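Shown next, in structure tokens, is the structure this report addresses.
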Amino acid sequence: MPTRPATLRLATLNICGLPPALSRLPPLEVRAAEIGRRIEASNLDVFNLQEVWGGRSLATVRRHLPSFPFAAWRRAVHGGPAGGLVTFSRYPLDEPRFRSFSGTAPRTSSLAFRAQRAINARRQGMLATAISGWNVVIGNAHLTANKDGDWSPGSRYYRFHEEQVAVLHTFLREVRSPETTLTVVSGDFNIAADSKLYPLITEDGAWRDPFRDSDAVTYHPEFLPAGATGHRIDYVLLSGDEARFPVLDSDTLFAEQLTTEDDTKIWASDHVGLTTRVGLDGVAGAGPTTISGTR
Numbered sequence: 000m001p002t003r004p005a006t007l008r009l010a011t012l013n014i015c016g017l018p019p020a021l022s023r024l025p026p027l028e029v030r031a032a033e034i035g036r037r038i039e040a041s042n043l044d045v046f047n048l049q050e051v052w053g054g055r056s057l058a059t060v061r062r063h064l065p066s067f068p069f070a071a072w073r074r075a076v077h078g079g080p081a082g083g084l085v086t087f088s089r090y091p092l093d094e095p096r097f098r099s100f101s102g103t104a105p106r107t108s109s110l111a112f113r114a115q116r117a118i119n120a121r122r123q124g125m126l127a128t129a130i131s132g133w134n135v136v137i138g139n140a141h142l143t144a145n146k147d148g149d150w151s152p153g154s155r156y157y158r159f160h161e162e163q164v165a166v167l168h169t170f171l172r173e174v175r176s177p178e179t180t181l182t183v184v185s186g187d188f189n190i191a192a193d194s195k196l197y198p199l200i201t202e203d204g205a206w207r208d209p210f211r212d213s214d215a216v217t218y219h220p221e222f223l224p225a226g227a228t229g230h231r232i233d234y235v236l237l238s239g240d241e242a243r244f245p246v247l248d249s250d251t252l253f254a255e256q257l258t259t260e261d262d263t264k265i266w267a268s269d270h271v272g273l274t275t276r277v278g279l280d281g282v283a284g285a286g287p288t289t290i291s292g293t294r
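Take a look at the structure:
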């Protein structure tokens, strides 16, 4: 079994693996090649991805991450990753568990809206796996998108997201074992960090948020409707003794356009990723997470 290193370096990204007709981004094959080139050259240990829709998308991404031979995901009925969730790792992973947000639904607005969101909730969910022999659990989550951009208590998404956050925290409690000392969950929560739902996400501070004091916007404004305001809707959260597992550094990922080998500028995704480096058992380790944003 590989020796546990001094630090855990984790990144999260909604890769937007939608069919080309539903995306304004370059094809996933083009983006995955550029993303993979940079992740391969980095010192990341774990890479959480959301919206890896379908087996072809998974194969495309996996082909460009050869240094991450371990991938945790559960097969959906269509053959691809359930919930579009995949956790890549340089270290062996235990058998993953997945749960969808089935059963959650909006309580207000039209019947058509509530029915459609309830159907979408069945496709999205939470994935969890443990790094073998580390007593560390890695969670990966994707909650339903708020198409209104309104997270106020009176919005039609508010109670819906309340339910999904509650389901997520229940799931994370269930996947921990008595030996678990650190849990890290990340992903696209689709909930603004400056909304009244934020205390629910962190369970009133029970989970540490390395980006709490950051004003980082994690959905590129270029992909928002005209006049809409960007927010931080992606998260990395930690549960574990702060003295043993300190956050050593955190940064955004793919916040700028990438330059391809033929000098074309492209976005890696419509989301900005996040990276966090955590000390294991109070050992700081060497050097921050490094990922080049250009060539």
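Just so we're aligned, residue 0 is where the sequence shown starts under numbering that gives the first Met the number 0, counting upward by one. A virtual CB, placed ideally from N, CA and C, is assigned to each residue, including glycine. These numbers come from a predicted model, not from an experiment.
Run of the beta strand (DSSP E) containing residue i, from where it starts to where it stops
| i | result |
| --- | --- |
| F170 | No beta strand (DSSP E) contains F170, which is instead part of the alpha helix (DSSP H) from Y157 to V174. |
| A10 | T6 to N13 |
| G186 | L181 to D187 |
| N42 | Neither: N42 is in no beta strand (DSSP E) and is coded neither H nor E. |
| S213 | From DSSP, S213 is part of no beta strand (DSSP E); its letter is neither H nor E. |
| S99 | R96 to S99 |
| S249 | V246 to L252 |
| V76 | Element bounds for V76: n/a, residue is neither H nor E. |
| V235 | D233 to S238 |
Residue(s) in a DSSP beta bridge with residue i
| i | result |
| --- | --- |
| Y218 | H270 |
| A71 | T86 |
| A129 | V136 |
| I347 | In the structure as shown, the chain begins at 0 and stops at 294. Residue 347 is therefore absent and cannot be evaluated. |
Span of the alpha helix (DSSP H) around residue i
| i | result |
| --- | --- |
| N119 | L110 to R122 |
| T59 | G54 to R62 |
| I200 | Y197 to I200 |
Three-state class that DSSP yields for residue i in the structure shown
| i | result |
| --- | --- |
| A20 | helix |
| Y90 | coil |
| G35 | helix |
| R30 | helix |
| R294 | Because the pLDDT at R294 is just 37, under 50, the model does not fix this residue reliably, and the point stays unresolved. |
Presumed contact (8 Å Cβ cut-off) between residue i and residue j, rounded CB distance
| i | j | result |
| --- | --- | --- |
| P95 | A120 | Incorrect: roughly 20 Å between the Cβ atoms, too far for contact. |
| G16 | L27 | 5 Å |
| T143 | Q123 | 6 Å |
| G239 | V184 | With 8 Å as the limit, G239 and V184 do not qualify as a contact, their Cβ atoms being about 11 Å apart. |
| E45 | L9 | As written in the sequence, residue 45 is Val, which differs from the Glu given in the question. Confirmed, about 4 Å. |
| H230 | D261 | In fact, because the Cβ distance is near 34 Å, the residues do not count as touching under 8 Å. |
| F97 | A81 | 5 Å |
| V235 | L273 | 5 Å |
Nearest neighbour of residue i, chosen from the options [CA to CA]
| i | options | result |
| --- | --- | --- |
| P224 | V51, R23, V184 and S238 | R23 |
| D250 | L171, D212, Q123 and V135 | D212 |
| N13 | P245, E241 and N189 | N189 |
| L84 | L64, T217, F67 and A140 | A140 |
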